[in-house]
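Enquirer: Protein chains in written order, with UniProt numbering: chain A, 1 to 231; chain B, 1 to 273; chain C, 1 to 212.
Even for Gly, the Cβ is constructed at its ideal location relative to N, Cα and C.
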Amino acid sequence: MSELSPADFYLPGEIIRNLKSKDREVIIGPGLCRNESDTKSLIASQAGYLCFRAPNTYWLEGRRNRYIPKKADLVLGIVTKKSSDNLKVDIGSAESASLSMLAFEGATKKVKPDVNVGDVIYAKVINAHKEMEPELVCIDQYYKAGKLGVLSNEGFVINLKQKLIQQMLNPENPLLRTLGRKFPYEIVIGVNGKVWMRANQCKDVLTLCRAFQIAEYQKETDIIGICRQFK
Amino acid sequence: MAEQYKSLHPAKYYRDHLKHDIRPDGRELSDFRPVVINVGSIKTADGSSIVKIGNTTVVCGIKAEISRPKADAATKGFLVPNVELSPVCSSKFKPGPPSDQAQVLTQIIADIVGNSQCINLEELCIFPDKIAWCLYADLICIDYDGSLIDACALALISCLKVVSLPEVSYDPSLDKQQVNLEKRTPINVNSVFVSTTFAIFDDKLILADPTVEEENLCTGTLTIVTCNDELCYVHKPGGSPLVDEQMSDCIEKCMNRSNSIKKLIKTAILENI
Amino acid sequence: MEVIESFENNLNLKCKLQVLSRADGSAMFSEGQTVVLSAIYGPVEVKMQKLLIEKASVESVFKPKSGLPGVSDRYKEYLIKNICETALASALYPRTAVLVNLQEMQNQGQLISCAINAVCLACLDSGIDMKFLFGAVSYFLTKEEELTLTPPINESSVKAMFVFVFNNTKGDVIASHTEGRFSIDQYKTALDICRDEVKKVFIFFKETLLDT
């Protein structure tokens, strides 16, 4: 990952000119919106660094703390309400997500999965529109659960900043691996900022929590540096 | 047909009218609604007024009470405005404790009074640190049809002009006060403030003296209060940005209007006597 | 770096972001001797009665340094709420609420402008989508008819105070609040000077965000 330069830093309302994709259409990601008066430029709507991926995708890498559901996101949620055929799941967004009882592997009208209020669920967002409540499923397109579903009650859930989540999901980031060398643990990371962990000892879980909480306030390069020391 | 069109597409309905430089109520963009002032109609109050700007109606009554000055301002009396938006004036308001809007309005009116220094609070003091007049100005909105700050400010200033206070003699050695209700003297009003509200429609058009419909559809408001030849309040709570020319234009209109309003207050008071 | 020095002399801005762990965005902002803490939560679940179909509803709460919030605090809440409604891209978050919380820490006369700037930084910190930035500048007119940016030490020597809020796109006035009496020319002069000053505020915002 290249170092971000202050020249690429934009604030809301600032106009972004000199787009690299000349006559092609521009695909815009988070933090940007189109300029109605000048189609060749974009307007920033968040504070962040402008990123570009060839051929024509632009987005702003900024800070985002509150989770806004997006389609196909893998999220972690906590069941808050249970009715006969629907679950309400708190995924940290403005509105609780709904999860159908039939959206589990092998579930039918008669055979319902064993889910209770307070359970932690790893699910996929299949419908996220700002006008509607987000919808989750615990199966893939082949009706298989894969890694989705209810997580064990022996785990521990914490909330982390979106920035750290993105770093941890990057397979090149050494943080999880370095910790794994010290003691075995299981971890499930939802892009919504919730993280579920399980280890053999309570002490190890607390070590993980502490490590992540410290990492939240460190730069990515610093995290990599610290991890190297423990090799 | 127009009725249905208006309720279905209120913004477009207005836009169609404004394209021809006219508002649905027949006014031009910078025209004000007719103003009616009546003073002294409530005999139980120490001063009263009723103001109508178009349909917007505000009644103001001032009641004077004797109270003790504050320790940190021993030579000052009080003028306490209070705006009430009762359920009578609009379906927007529910009975109960004052709504946020009423509280904000009360603060705005209090700010205007304080900024304009129309009343010298020291003149309301009868004896330092012992007794002083406290004027409770109750502003009650009866009909809410926009430009409420203007109506409240106008009601208050015309009411202050007719307030008369009974003579009070105070004997500090005995700590005794005697009120002579027969002998009343008016209070000094040093300056007259006139408030004018503008609404910004679609980020560019400026409508003077908006009705409630216009206020709801517009993207911002601007209230300017003039006091003699000066300004004493320029209030723009967010909304569409304004360029300087528009701002100057509004100030000028406000200045022009204030003269005619001042004349109107004078006539209203003369008629009452 | 020259710019920073020059406005540090004038406005003396300081800021710390992410001061609160639970809030989505938070900022401790100081302007001269005035300090305000602000926190933004949002978009979050909305109360039924405040629900808006087409956009997010903004709620603001202002807490004074001591005592219970009064009518004058309602007015500040109303001002801040209106500014946020204008600046936030609330149409992106329909049927939600954005909560703006402010806590006065210290007041030396620039409370309103300080609070508005603190809100803007908290919004930037939270990463909520905005149409433009807003920055506020206070300006004082003393009894000797002098215009100054720094609040006079003696409060009674202030004849009038202006607070202007500008956006960063065209530098237009979004909000204006005044106290005291002044002439039209004084108002216009203050407006022009504040428009220049606010640019420094925006530079400060950028510096702050680049640092954290």
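Can a CB atom of chain A be found closer than 9 Å to the CB of C:Lys200?
Expert: False, the Cβ-Cβ gap to chain A never drops below 9 Å.
Enquirer: With 9 Å set as the bound, which would you pick, yes or no: does the beta-carbon of B:Glu230 sit closer than that to a beta-carbon of chain C?
Expert: So yes, B:Glu230 belongs to the interface.
Enquirer: Report yes if the CB atom of A:Val75 is closer than 9 Å to the CB atom of A:Gly118, and no otherwise.
Expert: No, Cβ-Cβ distance for A:Val75 and A:Gly118 is not below 9 Å.
Enquirer: Which residues in the same chain have their Cβ closer than 6 Å to the Cβ of B:Lys52, if we skip the five residues on either side of it in sequence?
Expert: Once the five neighbours on either side are set aside, the close Cβ partners of B:Lys52 are Val36.
Enquirer: Only counting the same chain, and skipping five residues up and downstream in sequence, which positions put a Cβ closer than 7 Å to that of A:Ser2?
Expert: Note that A:Ser2 has pLDDT 48, beneath the 50 cutoff, so the model's placement of it is unreliable and the number below is only indicative. There are no such residues.
Enquirer: Could you tell me the alpha carbon to alpha carbon distance between A:Lys130 and B:Gly146, rounded to whole angstroms?
Expert: Computed Cα separation, rounded: 34 Å.
Enquirer: Can you check whether the CB of C:Leu133 is closer than 9 Å to the CB of C:Asn167?
Expert: For C:Asn167 and C:Leu133, yes; Cβs fall inside 9 Å.
Enquirer: Once DSSP output is grouped into helix, strand and coil, what is the label at A:Pro6?
Expert: The answer is helix: DSSP assigns A:Pro6 an H, G or I state.
Enquirer: For residue 262 of chain A, would you say it is in contact with chain C, using Cβ-to-Cβ distances shorter than 9 Å as the test?
Expert: With chain A covering 1 to 231 only, the question about residue 262 of chain A has no answer from this structure.
Enquirer: Quick one, which of A:Lys182, A:Phe183, A:Arg198 and A:Arg34 has its alpha-carbon nearest A:Ile189's?
Expert: Looking at the Cα atoms, A:Arg198 is the closest of the given residues.
Enquirer: Report the neighbours of A:Gln229 on chain C: residues whose CB is nearer than 9 Å to its CB, in chain order.
Expert: Neighbours of A:Gln229 on chain C: none; closest Cβ ~25 Å, over 9 Å.
Enquirer: Would you identify the three-state DSSP class for A:Thr207, choosing helix, strand or coil?
Expert: A:Thr207: helix per DSSP, three-state reduction.
Enquirer: Just the C-alpha distance for B:Cys232 and C:Arg181, rounded to the nearest angstrom, thanks.
Expert: Cα to Cα, B:Cys232 sits roughly 4 Å from C:Arg181.
Enquirer: Just to confirm the assignment, what range does the alpha helix (DSSP H) spanning C:Phe204 have?
Expert: Ile184 to Asp211 is the span of the alpha helix (DSSP H), which, as asked, contains C:Phe204.
Enquirer: When you compare only the Cα positions, how much space is there between A:Ser37 and B:Ile265?
Expert: The alpha-carbon atoms of A:Ser37 and B:Ile265 are separated by roughly 49 Å.
Enquirer: Which of helix, strand or coil does DSSP assign to A:Leu151?
Expert: The answer is coil: DSSP assigns A:Leu151 none of H, G, I, E or B.
Enquirer: To be precise: take each residue of the segment 116 to 138 of chain C, compare its Cβ to all Cβ atoms of chain A, and keep it if any distance is under 7 Å. Which residues remain?
Expert: Those residues of the segment 116 to 138 of chain C that come within reach of chain A (Cβ to Cβ, closer than 7 Å) are Leu124, Asp125, Ser126, Gly127, Asp129, Met130, Lys131, Phe132 and Leu133.
Enquirer: Out of curiosity, what's the CA-to-CA distance linking B:Ile142 and A:Gln46?
Expert: Each residue's Cα considered, the two are about 45 Å apart.
Enquirer: Quick one, which of C:Arg74, C:Phe204 and C:Tyr139 has its alpha-carbon nearest C:Gln108's?
Expert: The candidate whose alpha carbon is nearest that of C:Gln108 is C:Tyr139.
Enquirer: Just the C-alpha distance for B:Cys254 and B:Asn216, rounded to the nearest angstrom, thanks.
Expert: So the alpha carbons of these two residues sit roughly 22 Å apart.
Enquirer: Report buried or exposed for C:Val119, applying the criterion of at least 16 other Cβ atoms within 10 angstroms of its Cβ.
Expert: C:Val119 is buried by the Cβ-count criterion.
Enquirer: Does the ligand FMN have a heavy atom nearer than 8 Å to the CB of B:Asp171?
Expert: As far as ligands go, the structure on display features none, and thus does not contain the ligand FMN.
Enquirer: Please name the residue in A:Ala107, A:Ile226 and A:Arg64 whose C-alpha comes closest to that of A:Gly92.
Expert: When each option's Cα is compared against that of A:Gly92, the closest is A:Arg64.
Enquirer: Within 10 Å of its beta-carbon, does residue 290 of chain B have 16 or more other beta-carbons around it, so buried, or fewer, so exposed?
Expert: Past the boundaries of the shown model lies residue 290 of chain B; chain B is included only from 1 to 273, so the question cannot be answered.
Enquirer: Give the secondary structure of A:Arg198 by DSSP, where H, G and I count as helix, E and B as strand, and everything else as coil.
Expert: Strand, per DSSP.
Enquirer: Looking at the structure shown, is C:Gln110 part of a helix, part of a strand, or coil, going by DSSP?
Expert: Here C:Gln110 sits in coil by DSSP.
Enquirer: So which residues on chain B does C:Ser72 lean against when the C-beta distance must stay under 7 Å?
Expert: Here the neighbours are Gln107.
Enquirer: Once the 5 residues before and after B:Leu160 are set aside, which same chain residues still bring their CB inside 6 Å of it?
Expert: Correct list, in chain order: Val189.
Enquirer: Would you list, in chain order, the members of the segment 38 to 51 of chain A that have their beta-carbon closer than 7 Å to a beta-carbon of chain C?
Expert: Listed in sequence order: Ser45, Gln46 and Ala47.
Enquirer: Identify the contact partners of C:Leu92 in chain A, using a Cβ-Cβ distance below 7 Å as the criterion.
Expert: By Cβ distance, chain A contributes Lys130.
Enquirer: Taking any Cβ of chain C, which residues in the segment 242 to 260 of chain B have a Cβ under 9 Å from it, in chain order?
Expert: Answer in chain order: Leu242, Val243, Asp244, Met247, Ser248, Ile251, Glu252 and Met255.
Enquirer: Which runs of the alpha helix (DSSP H) spanning at least 4 residues fall entirely within the UniProt domain "Exoribonuclease phosphorolytic" (31 to 165) of chain B, listed in chain order?
Expert: Correct list: 100 to 116 and 148 to 162.
Enquirer: Relative to the C-alpha of C:Ile193, which candidate in C:Asn154, C:Pro69 and C:Thr148 has its C-alpha closest?
Expert: Nearest option by C-alpha distance: C:Thr148.
Enquirer: Is it the case that the segment 123 to 140 of chain A contacts the segment 99 to 115 of chain A, given that we only count it when at least three CB pairs across the two stretches are under 8 Å?
Expert: Taking 8 Å as the limit for Cβ pairs, the verdict is that the segment 123 to 140 of chain A does touch the segment 99 to 115 of chain A.
Enquirer: Could you please give me the residues that DSSP links to B:Ile200 through a beta bridge?
Expert: According to DSSP, B:Ile200 bridges with B:Ile206 and B:Gly220.
Enquirer: What is the rounded straight-line gap between the Cα of A:Leu102 and the Cα of A:Ser84?
Expert: The alpha-carbon atoms of A:Leu102 and A:Ser84 are separated by roughly 11 Å.
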